[in-house]
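Residue numbers (the working numbering), protein chains in the order written: chain B, 1 to 305; chain D, 306 to 610; chain Y, 611 to 915.
Reading through the structure tokens given below for one structure.
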Amino acid sequence: MFRTLGQLAACTIIIALTTSAGADESRRALVLSSDFGTTERFVASMKGVALSVDPILQIHDLTHHIEPFNVWQASYMLAGTIDYWPEGTVFVSVVDPGVGTDRKSVVAKTGSGHYVVTPDNGSLTLVADKQGIREIRQIDETINRRPGSESSHTFHGRDVYAFTGARLAAAVIRFEEVGPRLEPTIIRLRYQQPKRLDDGGVVGSITHIEMPFGNVVTNIPRSLVDALGLSPQDKATVFVKISHAGEPVFQQRIPYAQSFGYVDPGAPLLYSDSLQTIGLAVNSGNFAEQYKVQAGADWTIRLTQ
Amino acid sequence: MFRTLGQLAACTIIIALTTSAGADESRRALVLSSDFGTTERFVASMKGVALSVDPILQIHDLTHHIEPFNVWQASYMLAGTIDYWPEGTVFVSVVDPGVGTDRKSVVAKTGSGHYVVTPDNGSLTLVADKQGIREIRQIDETINRRPGSESSHTFHGRDVYAFTGARLAAAVIRFEEVGPRLEPTIIRLRYQQPKRLDDGGVVGSITHIEMPFGNVVTNIPRSLVDALGLSPQDKATVFVKISHAGEPVFQQRIPYAQSFGYVDPGAPLLYSDSLQTIGLAVNSGNFAEQYKVQAGADWTIRLTQ
Amino acid sequence: MFRTLGQLAACTIIIALTTSAGADESRRALVLSSDFGTTERFVASMKGVALSVDPILQIHDLTHHIEPFNVWQASYMLAGTIDYWPEGTVFVSVVDPGVGTDRKSVVAKTGSGHYVVTPDNGSLTLVADKQGIREIRQIDETINRRPGSESSHTFHGRDVYAFTGARLAAAVIRFEEVGPRLEPTIIRLRYQQPKRLDDGGVVGSITHIEMPFGNVVTNIPRSLVDALGLSPQDKATVFVKISHAGEPVFQQRIPYAQSFGYVDPGAPLLYSDSLQTIGLAVNSGNFAEQYKVQAGADWTIRLTQ
Chain B
1 MFRTLGQLAA CTIIIALTTS AGADESRRAL VLSSDFGTTE RFVASMKGVA LSVDPILQIH
61 DLTHHIEPFN VWQASYMLAG TIDYWPEGTV FVSVVDPGVG TDRKSVVAKT GSGHYVVTPD
121 NGSLTLVADK QGIREIRQID ETINRRPGSE SSHTFHGRDV YAFTGARLAA AVIRFEEVGP
181 RLEPTIIRLR YQQPKRLDDG GVVGSITHIE MPFGNVVTNI PRSLVDALGL SPQDKATVFV
241 KISHAGEPVF QQRIPYAQSF GYVDPGAPLL YSDSLQTIGL AVNSGNFAEQ YKVQAGADWT
301 IRLTQ
Chain D
306 MFRTLGQLAA CTIIIALTTS AGADESRRAL VLSSDFGTTE RFVASMKGVA LSVDPILQIH
366 DLTHHIEPFN VWQASYMLAG TIDYWPEGTV FVSVVDPGVG TDRKSVVAKT GSGHYVVTPD
426 NGSLTLVADK QGIREIRQID ETINRRPGSE SSHTFHGRDV YAFTGARLAA AVIRFEEVGP
486 RLEPTIIRLR YQQPKRLDDG GVVGSITHIE MPFGNVVTNI PRSLVDALGL SPQDKATVFV
546 KISHAGEPVF QQRIPYAQSF GYVDPGAPLL YSDSLQTIGL AVNSGNFAEQ YKVQAGADWT
606 IRLTQ
Chain Y
611 MFRTLGQLAA CTIIIALTTS AGADESRRAL VLSSDFGTTE RFVASMKGVA LSVDPILQIH
671 DLTHHIEPFN VWQASYMLAG TIDYWPEGTV FVSVVDPGVG TDRKSVVAKT GSGHYVVTPD
731 NGSLTLVADK QGIREIRQID ETINRRPGSE SSHTFHGRDV YAFTGARLAA AVIRFEEVGP
791 RLEPTIIRLR YQQPKRLDDG GVVGSITHIE MPFGNVVTNI PRSLVDALGL SPQDKATVFV
851 KISHAGEPVF QQRIPYAQSF GYVDPGAPLL YSDSLQTIGL AVNSGNFAEQ YKVQAGADWT
911 IRLTQ
């Protein structure tokens, strides 16, 4: 078949280099997110398990400072970060109040071509709404589980999610090998989508408190407020009502200002942030602390003229 | 020797690829642990030194939030994390109250096939008891020390430990080249091993406080308590006495419960955790804070019926 | 040209291996520093953008816990860390109170052969004084900016600095391709250089507060104090005056001691630290908190006999 050793050599080279390039290209970064903090050894255990799957895997942290058990925040962090990472990046998100119960362990392939390995407990809510979900598979723990961990029921983050995420990122398994395909219906946290009301107001959710400043982030696009005929140029005031689980927490008429300096230090304001969504802040202060406002699916905000 | 260039080529290829694969396989991750925090530049300096040894070394963090000078905690973190990492991983643990004194700088090869680079000041105590120690070598600082750092006496974490750890992880040196072999006797923190007492009680140590929840971790296996005829199913109560350096800190009869929800919010309980060891917690509270309990070699716990 | 396939093969190999080795050698680590904290998703977004430039780039953190907007601290962190990293390492430092204004975005090549990507707002002050600056180029944002980010004006750390830093670290661009060369004059924070005064005193700056201990770091070398005829061996006292923006904050005669234990717990002392510079501390206490002292360009210290 090969007429000379030279020809053989040439072929060998090509194959060798292709294999090597292929391995590099099929390997994706693994990005970890959790409510474990960085003081304990939990994150390091997850990374060790991931590197046991593939010793040269790239592992990064999204954040491990999600408020304990706050699934909404887990979702917010994912939806706000995924788009900046290369297609194919594997995110492992472990905020898992239901560990040990029958909540499903899944891998979602997003509309943006990323993967999210997570308990299906609401953490995919904002990802579904922002990146979209193309396909979901349930992790088959008879295969995709750290060997020897079968009797452990409390640290799926390490034994199931980091392990499966690493296998997917390292191309040890393809997405199809995660486990059976599920109907693409996830557990959703119900929250107030931004919309204009018939009575002329606008409603939405408080999606996040930006730390350490305590600025309030909403999901209301500036355009909705523009449509009310309100503009920061007019130095108008807006009546803001914030409710938690239906109970009013903040009710006040405050200025809609171009930036913080337009109100007195310590005074609240409404403004349009860099993403052209509506936010609330206190000039040189902390809105969330001052008014006991938090973020999540059960926090709604209503603006009226 | 080679009859044709083709043959020469074929040989070259094989050698080249072998070298490359060999390099990858001999390179191990370097995992850093310390009480330096992540606010200052100390950890970054250690990483820079390690990458100066080998620019493509994989470096990870165990935690840098060990309580300052708490050698016991350094030991607890190592013993609880090592097993999840690939064999050959090099851990650098720097909690070093004795920097500048004549405490020895060593590398231990564990029974599990990992390496720990550390001052021999007690940080190997729990590693010796859990993973075992196969061999210890003292770092020969005439060789294994950052060039140019000879006159610096205060940051061995960077100049000796990170440097030596990186050389070992990058396979620049073999374990035998760390320095002279020592008798495998380490500095040990003396603590109460779990055991049954003749009078029917059980004693052990408080090994850790799990943050941020303040749950108390002991080294008493559930089986020892089972042997007393106690079971959470019986809703039994147990008399718990916690002492610090011999002085009683907590003495109370509390329920031995299946999980937190079996006691009132704010009430303490004894339970068996996921590793089947005995722990203490307050339902929706913080045991360690509420009862001023800490962890360490001088914290003992005694359970009686 | 090639007489046999064997020769062709041999050449191919050499080229292939050279390319591969070249890629590895030309790739440098990217080190990120900021005031973003690690709770939010900002750092992870920067890393995602960097890995989108080059999926196998090595990314490390200097610290993300710089005090918000504290450009002095950004500068202190860079100058104190750079020397421990391999030549060619690319540092991205984002403490950017002027984001959105016309402050320049630059890459500095230091005298030590490292790169710093940063807004030119003072963050290069101590780098210029310690490592020196060999050349500065302004980032040409028509080329070196994350594609699609043109309308975003608030997160240059991600869209300009991380992106450009990654391109430089990955050797996608050479330093000359960053943008036009600038006069090597940076924005400088003016601070008190250490010097002996004619009246026999010594002045300098408070450059840093070492956390969490609250020890004060100055830029006064021990040699200047030696020259006053003062020595810790003499148990001498020194009159220390610390001023903030010209206003006295601390004025007290305190011991110049060999180490903390030479004064009573809770008492202040002056000492010479491991870098042979003068520091202040409280034995078993926190000098900075106790005396409301901070660090920065407008904090000066004066020592007299």
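C-beta: ideal position from N, C-alpha, C; glycine also.
Being a predicted model, the structure only gives us computed values, none of them experimental.
To the nearest angstrom, how far is the alpha carbon of residue i from that of residue j?
i         : j         : result
GLU751(Y) : ARG713(Y) : 13 Å
ALA108(B) : ALA776(Y) : 29 Å
ALA593(D) : ILE441(D) : 36 Å
SER457(D) : ARG463(D) : 10 Å
GLU857(Y) : PHE849(Y) : 16 Å
ASP96(B)  : ALA907(Y) : 46 Å
GLU488(D) : ILE438(D) : 11 Å
ILE525(D) : GLY505(D) : 14 Å
ALA169(B) : LYS47(B)  : 13 Å
SER331(D) : ILE478(D) : 11 Å
ILE364(D) : GLU677(Y) : 26 Å
ALA328(D) : ILE56(B)  : Below a pLDDT of 50, predicted positions are generally treated as unreliable, and ALA328(D), at 40, falls in that range; no measurement from the model is reported.
GLU760(Y) : ARG651(Y) : 21 Å
GLY650(D) : ASP388(D) : Not covered by the structure: residue 650(D). The range shown for chain D is 306 to 610.
THR386(D) : ASP61(B)  : 18 Å
VAL282(B) : GLY519(D) : 34 Å
ARG912(Y) : VAL835(Y) : 11 Å
LYS292(B) : THR406(D) : 51 Å
ILE547(D) : ARG493(D) : 22 Å
TYR420(D) : THR394(D) : 6 Å
THR430(D) : THR605(D) : 16 Å
For residue i, count the other beta carbons within 10 Å of its own beta carbon; 16 or more makes it buried, fewer makes it exposed. Which is it?
i         : result
PRO194(B) : buried
ALA74(B)  : buried
ILE448(D) : exposed
MET382(D) : buried
SER869(Y) : exposed
SER614(D) : One cannot answer for residue 614(D) here, as it falls past the ends of chain D, which runs 306 to 610.
LEU880(Y) : buried
GLN251(B) : exposed
GLY534(D) : exposed
GLY616(Y) : Here the model assigns GLY616(Y) a pLDDT of 43, short of 50, so the residue's position is not dependable, and the following value carries that caveat. Label assigned to GLY616(Y): buried.
So, is the C-beta of residue i closer than 8 Å to a C-beta in chain A?
i         : result
THR828(Y) : In summary, chain A is missing from the structure at hand, where the protein chains are B, D and Y.
Contact defined as beta carbons within less than 8 Å: I believe residue i pairs with residue j. What is the distance between those atoms, to the nearest angstrom?
i         : j         : result
GLY789(Y) : ILE749(Y) : 5 Å
THR459(D) : THR673(Y) : Contact flag wrong, Cβ pair sits at about 20 Å.
ARG832(Y) : SER882(Y) : 4 Å
THR277(B) : VAL216(B) : With 8 Å as the limit, THR277(B) and VAL216(B) do not qualify as a contact, their Cβ atoms being about 11 Å apart.
ASP730(Y) : ILE796(Y) : 6 Å
ALA738(Y) : ILE819(Y) : About 22 Å separates the two Cβ atoms, so there is no contact after all.
VAL653(Y) : LEU661(Y) : VAL653(Y) to LEU661(Y), Cβ: 13 Å. No contact.
TYR466(D) : VAL404(D) : About 10 Å separates the two Cβ atoms, so there is no contact after all.
TRP682(Y) : ALA639(Y) : Their Cβ separation, rounded to whole angstroms, is 25 Å, which puts TRP682(Y) and ALA639(Y) out of contact at 8 Å.
Run through DSSP, which three-state label would residue i get?
i         : result
GLY906(Y) : coil
ALA413(D) : strand
LYS657(Y) : helix
GLY889(Y) : strand
LYS241(B) : strand
HIS461(D) : helix
PRO729(Y) : strand
GLU481(D) : helix
ARG441(D) : For clarity, residue 441(D) is Ile in the given sequence; the question names Arg instead. The answer is strand: DSSP assigns ILE441(D) an E or B state.
GLU372(D) : coil
- Going along the chain, which residues of the region 68-85 of chain B sit with their C-beta nearer than 7 Å to a C-beta in chain Y? Legend: CB atoms of the region 68-85 of chain B lying less than 7 Å from CB atoms of chain Y belong to residues MET77, GLY80, THR81, TYR84 and TRP85.
- Within 7 Å of chain Y by C-beta, residues of the region 264-297 of chain B in sequence order: Correct list: SER274.
- Taking any Cβ of chain Y, which residues in the region 110-121 of chain B have a Cβ under 7 Å from it, in chain order? Taking 7 Å as the Cβ-Cβ cut-off against chain Y, none of the residues of the region 110-121 of chain B qualify.
- Message: Using a Cβ-Cβ cutoff of 8 Å, what residues of the region 46-63 of chain B are near chain Y? List them in chain order.
- Response: Taking 8 Å as the Cβ-Cβ cut-off against chain Y, the residues of the region 46-63 of chain B that qualify are GLN58, HIS60, ASP61, LEU62 and THR63.
- Task: Taking a Cβ distance cut-off of 8 Å, strictly less, list which residues of the region 443-473 of chain D are near chain Y, in chain order.
- Result: Within the region 443-473 of chain D, the residues whose Cβ lies closer than 8 Å to some Cβ of chain Y are SER457, HIS458, THR459, PHE460 and ARG463, listed in chain order.
- Message: So if I threshold CB-CB distances at 8 Å, which residues from the region 497-517 of chain D count as touching chain B?
- Response: For the region 497-517 of chain D, which is checked against every Cβ of chain B, the residues closer than 8 Å are GLU515, MET516 and PRO517.
- Message: Closer than 9 Å between beta carbons: that is the criterion. Which residues of the region 641-653 of chain Y meet it against chain D?
- Response: If the cut-off is 9 Å between Cβ atoms, the region 641-653 of chain Y has VAL641, SER643 and THR648 near chain D.
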